[in-house]
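Novice:
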Amino acid sequence: ARIESRTNRQVTFSKRRGGLLKKARELSVLCDAEIGLIIFSCTGKLTEFCSESTSIEEIIRRYQAAKGVRIPAGVSNHDSEAIYNELGRMRKETHNLELSLRRYTGDIDLNSVKLEELTQLEHQLECSVKKVRVRKMEILRQQTDNLLRKEKMLEEENEQIFSLFKDNNNQMAWEQQQQQAAMVSKFEEHGQVLDQFPFSGEAQPSSVLELAIPHYQPFRLQPTQPNLQDFGLHFPTFG
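In this text, residue positions in the sequence shown follow full-length UniProt numbering: the first is 1, and each later residue adds one.
(1) So the candidates are Met153, Ala33, Lys92; which of them puts its Cα closest to the Cα of glutamate 48?
(2) Put histidine 36 into one of helix, strand or coil per three-state DSSP.
(3) Could you pull the DSSP bridge partners for glutamate 48 from this structure?
(4) Consult DSSP for glutamate 159 and reduce its assignment to one of helix, strand or coil.
(5) Can you tell which of Glu98, Ser53, Asn169, Ala65 has its C-alpha closest to the C-alpha of cysteine 31?
(6) Use the C-beta contact count for serine 163: other C-beta atoms within 10 angstroms, 16 or more gives buried, fewer gives exposed.
(7) Pick helix, strand or coil for asparagine 168, following the three-state DSSP scheme.
(8) Quick check: what's the CA-CA separation for leucine 115 versus leucine 121?
(9) Touching or not, the segment 59-68 and the segment 81-91, by the rule of three or more beta carbon pairs under 8 Å?
(10) For arginine 17, which option in Cys42, Ala1, Val29, Ser5 has the closest C-alpha, if you only look at C-alpha atoms?
(11) Going by the CB atoms, is the gap between serine 51 and glutamate 34 shorter than 8 Å?
(12) Does isoleucine 139 come out as helix, strand or coil in the three-state DSSP assignment?
(13) Where do the N-terminal and C-terminal ends of the alpha helix (DSSP H) with alanine 66 fall, by residue?
(14) Do threonine 12 and leucine 46 have their C-beta atoms closer together than 8 Å?
(15) On the CB-based measure, 16 or more other CB atoms within 10 Å of its CB, does glycine 36 come out buried or exposed?
(16) Sorted by chain position, which residues of the same chain lie with C-beta nearer than 8 Å to methionine 172's C-beta, five sequence neighbours on each side aside?
(17) Of the choices Gln143, Lys22, Tyr104, whose alpha-carbon is the least far from that of residue 240?
(18) Hey, out of Gln124, Asn111, Val134, Ala181, whose CA is closest to leucine 101's CA?
(19) What do you get for serine 80, buried or exposed, if any count of 16 or more other CB atoms within 10 angstroms of its CB means buried?
(20) Which word fits serine 5, buried or exposed, when buried means at least 16 other C-beta atoms lie within 10 angstroms of its C-beta?
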C-alpha cells in the first residue's frame, strides 16, 4: 500500500533506493553483468547507475536494439544536450541530498563542514527533535488514558465481585440463623413433652428418647438349697 505520510515516504524511498543501488552494484561486480538502473522519485528527481564497463547511453542503445525500438527522429542534438544537462543537474542535486542525509545520521566527518552549514544542520535537527518529542508525548498520553480506562474497569469488576461475595455471606448467615431457630424449636418441643411426665424420686430424662426406653429394676437370684443356718440345725460333736 502507498505510504500516505510524505516524510515517511521520502525516508522509505531513500532507504530502498540505497539498497537497490547496492544490490545492482553487487550484481554487476559478482556476476560481471552490464546493468543500467534509472530511478525517478515522486518529485521527479533522477537517480541512475550503470556498470563501470559501459554507460547509460550504451545500455539504452542495446535495449533498443534488443527490443526493436528506435528514438523518434524528431529529437535533435540540441534536445539531447538539454536532456543530458538536466540529468547532470539532477545527479548533482541527488548527490547533495545524499550528503545532507549522511550528515543528519552522522555517517561522515563534520570537520570540513562550514559554520553556516553546521548552524543550519543544528536548526533542522532541533526541529526534528521537537517533532519527535511532540509525537512521543502524544503516544504517552494515549497509553496513560488506556491505563486509566483499564484501571476503572478493574475497579468496577472488583466491586461486582465484592458485592456477590457479600450477598453470599448474608445468605449463608441467614441459613445458619434458620437452622439455629429450628434446633431451638425442637428443644422446646422436647421440653414440653418431658414436662407432661413427672418423675418423683427418679432421674429426670434428658430427652424423649430416654423416656421411650423402658427401665428395668435390678433383682437378685435366690439359691435353691436352703441355708442350714437359718433353720438352727446343729450337728453334735464327738469326743
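Just so it is clear, CB atoms sit at the ideal spot from N, CA and C, and this is done for glycine as well.
Specialist: With the given structure in hand:
(1) Nearest neighbour of glutamate 48 by Cα position, chosen from Met153, Ala33, Lys92, turns out to be Lys92.
(2) Per the sequence presented here, residue 36 reads as glycine, with histidine not at that position. Secondary structure of glycine 36 (DSSP, three-state): strand.
(3) Bridge partners of glutamate 48: Ile38.
(4) The answer is helix: DSSP assigns glutamate 159 an H, G or I state.
(5) Among Glu98, Ser53, Asn169, Ala65, the Cα nearest to that of cysteine 31 is on Ser53.
(6) In summary, serine 163 is exposed, with fewer than 16 beta-carbon neighbours lying within 10 Å of its beta-carbon over all protein chains present.
(7) Asparagine 168: helix per DSSP, three-state reduction.
(8) Rounded to whole angstroms, leucine 115 to leucine 121 spans 10 Å at the Cα level.
(9) Under the three-pair Cβ rule at 8 Å, the segment 59-68 does not count as touching the segment 81-91.
(10) Nearest option by C-alpha distance: Cys42.
(11) Contact check for glutamate 34 against serine 51 passes: the beta carbons are separated by less than 8 Å.
(12) Isoleucine 139 falls in the helix class under three-state DSSP.
(13) For alanine 66, the enclosing alpha helix (DSSP H) covers residues 56-67.
(14) The Cβ atoms of threonine 12 and leucine 46 do not sit closer than 8 Å to each other.
(15) By the 10 Å Cβ count, glycine 36 comes out buried.
(16) Contacts found: none.
(17) The requested residue 240 is not part of the displayed model; the chain covers only 1 to 239.
(18) Its Cα nearest to that of leucine 101, the residue Gln124 stands out among Gln124, Asn111, Val134, Ala181.
(19) The residue in question, serine 80, is exposed, as its Cβ has fewer than 16 Cβ neighbours within 10 Å.
(20) Burial call: exposed.
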